[in-house]
Amino acid sequence: MNAEKKKLITRRRGSVRERKIALQQDVDKLKKRLIHEENVRRALERAFTRPLGALPRLPPYLPPDKLELLAEVAVLEEEVVRLEEKVVHFRQGLYQEAVYISSSKKNIDILSDLCDAGSINDTKSQFKSSAAMMETNLPSISDERRGKENQSSINSSKTKQQLPNSRTQTVRTPIKKFPVESRHLDPKKLQLENHVKKDHEGLEKISSVEDGPNKISESILKCLMIVFLRMSSNKSRSSVENLPTPIVLNFSENLAEFKDPYNICSKFGKRDIGPYKHLFAIEAASINPNQTTISLFLVQRLRVLFEKLASVELEGLNHQEKLAFWINIYNSSMMNAFVEYGIPESPEIVVDLMQKATINVGGNILNAITIEHFILRLPYHSNYTFTKGSKYDETTTRDMFGLELSEPLVTFALSCGSFSSPAVRVYNASQVENQLENAKREYLQAAIGISTAQKLIGIPKLLDWYFLDFAKDVESLLDWVCLQLPHEIGKEAMECIDRRKNEPLTQFLWIMPYEFSFRYLLHT
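All letters in the sequence shown, in the order written, are residues 1 to 524 by the UniProt record's numbering.
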């Protein structure tokens, strides 16, 4: 009995020892597997977080399927970046082409005006004898202009050449009508400047306590708006003397009480264009160089703010804070470029300034094109547009500059200082989403043309450039636009579309060309 018990105990001990050894072997295998998995995870993290353009370092112990996957991802990343760079180059080409077309049209108009002036000198006596008849026929002239604009929507080159003339008369006349009007405009400009200055002083008090990125960006933009208000004057009014007196009288009566920044009413018929009729417009002709010395103290204030911006920390900002910050910085970079390089004398300079409009943000030199197309529109590849010689880690760049979500509504918030740009307003993080929604609706109400009589709809080129951000095709875009307009105006647009739904879009849709002439619309 004792021998059997000893054998049983021995067998049990041996069995326990074997199980322990087996368990220990299993533990060792699991430890090795864990170490391998951790190594694979670290290798994958390094591969996916490497700077774009650098070859991935793949260890040999990675499984073949993962090696193949990483190689494919690397190739796709490089291809995506290459295509995004091509998109930016194409957009720059579109800008240049639009400027060339705009300048060509202006040159044609100038030549036609010179020819007309020559014929007027030859027949001066005939015009003197028919001055009264010319004045009585002004309404019919206005009607003909609208008819020619309707023909331009079906590619009539003759009427397209006349569109810039109507724009020039419509935009400049209300600024340059009478000396009497200056007494009405000055208080308005002073009121607007005081409003901006009051908000700016409030921001200064806040920023003295907390120099946060958003407060700095708001202060810079408000300060630049005051600079432009100080530089502006009613000097541009004098050029209206070159226009025929009946036209001056005709427009002075109507435009004294009605503003149309994008000349929609002159082309499609008068209607309510919303808050844009109250905006203050600053054009090249309204800038008085002699008044720049008045803003020297503001320039000094700007230097202090730009120094703060150069050392600002952007880490920890949420999506709304980043969005408001970068919109303000983009608009500030463009406005500051005009202050540094001067008001452009030709549309081409406006486009060139988009590359020259550099600004130091947290020690990083960025230009307006980088901010727009790689931070606001393509937020996750901003490191591909930094200045030459600057190298940034992709992860750090994404954390500093990238938006969590792409925001299409920045289209209605970014102004490059051109005639067709949206209004400039100061965006704050707590209200940026509501502000962008308002900016969209106000811009569309002021820039969309609707003529039920001509069954014609006009959309700005700016909306055509980025329509894929809002709709899958042009038909869907028109439906979307109708929903953004006020009820009555949207209803008119829908009726216009329904009447011609069986016709090609080219028969009733006019994409209005982009105008690069210098102008700022200020919103407070």
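All residues carry an ideal CB built from backbone N, CA and C; glycine is no exception. Computed from a predicted model, the values in this text were never measured in an experiment.
Range of the contiguous beta strand (DSSP E) that encloses residue i
i           : result
residue 573 : Nothing can be reported for residue 573, as the shown portion of the chain is limited to 1 through 524.
Glu283      : Phe280 to Glu283
First and last residue of the uninterrupted alpha helix (DSSP H) at residue i
i      : result
Ala324 : His319 to Tyr341
Thr358 : No alpha helix (DSSP H) contains Thr358, which is instead part of the beta strand (DSSP E) from Thr358 to Val361.
Ser219 : Pro213 to Met231
Ala439 : Val432 to Ala447
Gly269 : Run containing Gly269: none; DSSP gives neither H nor E here.
Cys416 : Element bounds for Cys416: n/a, residue is neither H nor E.
His487 : His487 to Arg499
Val474 : Val474 to Gln484
Phe297 : Leu296 to Ala310
Short CB-CB distance (under 8 angstroms) between residue i and chain B
i      : result
Leu309 : Within the model displayed, chain B is absent; a lone protein chain is all it includes.
Residues sharing a beta bridge with residue i, DSSP
i      : result
Met512 : Pro460
Val424 : Leu522
Ile450 : Ile457
Ile287 : Ser232
Residue i versus the options, residue with shortest Cα-Cα distance
i           : options                           : result
Phe297      : Glu307, Glu72, Ile489 and Ile226  : Ile226
Arg500      : Thr452, Asn288 and Gly417         : Thr452
Leu229      : Trp326, Val339, Ala310 and Leu317 : Val339
Leu302      : Leu34, Ile216 and Ala493          : Ile216
Ser286      : Lys322, Ile448, Thr524 and Ile343 : Ile343
Leu323      : Asp272, Thr370, Glu407 and Pro347 : Glu407
Cys496      : Asp469, Tyr427, Ile448 and Phe470 : Ile448
Thr498      : Glu404, Leu478 and Ser346         : Residue identity differs from the one stated: residue 498 is Asp in this sequence, not Thr. Minimum Cα distance to Asp498 is reached at Leu478.
Lys267      : Ala43, Glu68 and Trp510           : Trp510
Gly363      : Glu313, Leu221 and Lys66          : Glu313
Val304      : Leu366, Asp473 and Ile220         : Ile220
Gly212      : Phe470, Asn428, Leu436 and Leu468 : Asn428
Gln320      : Ala446, Glu45 and Phe401          : Phe401
Tyr520      : Arg41, Ser232, Ile457 and Val80   : Ser232
Ser418      : Phe518, Tyr514, Asn328 and Ser430 : Phe518
Asp473      : Ala493, Leu505, Val87 and Glu492  : Leu505
Thr370      : Ala22, Lys32 and Val88            : Val88
Glu84       : Met512, Ile450, Phe374 and Arg13  : Phe374
Glu433      : Ile327, Val27 and Glu79           : Ile327
Arg377      : Pro347, Glu404 and Arg271         : Glu404
Glu503      : Asp65, Leu456 and Gly490          : Leu456
residue 525 : Lys32, Ile450, Leu23 and Ala368   : In the structure as shown, the chain begins at 1 and stops at 524. Residue 525 is therefore absent and cannot be evaluated.
Glu218      : Lys308, Leu366, Glu492 and Asp260 : Lys308
Phe508      : Leu522, Tyr514, Phe516 and Ala493 : Ala493
Asn41       : Leu70, Ile282, Pro347 and Lys7    : According to the sequence provided, residue 41 is Arg. The question's Asn does not apply to it. Ranking Leu70, Ile282, Pro347 and Lys7 by Cα distance to Arg41 puts Leu70 first.
Lys66       : Ala43, Val80, Lys86 and Leu76     : Ala43
Closer than 8 angstroms is the cut-off here; do at least three beta carbon pairs connect the region 317 to 334 with the region 353 to 370? Yes: the two stretches touch, three or more of their Cβ pairs being nearer than 8 angstroms.
Counting Cβ pairs closer than 8 angstroms, one from the region 400 to 420 and one from the region 430 to 449, do we hit at least three? Note that the region 400 to 420 touches the region 430 to 449; at least 3 beta-carbon pairs, one per stretch, sit closer than 8 angstroms.
If we count Cβ pairs, one from each stretch, closer than 8 angstroms, do we get three or more for the region 274 to 289 versus the region 452 to 463? Contact between the region 274 to 289 and the region 452 to 463 is absent, because fewer than three Cβ pairs lie under 8 angstroms.
Would you call the region 418 to 430 in contact with the region 473 to 490, where contact means no fewer than 3 C-beta pairs closer than 8 angstroms? No, they do not touch.
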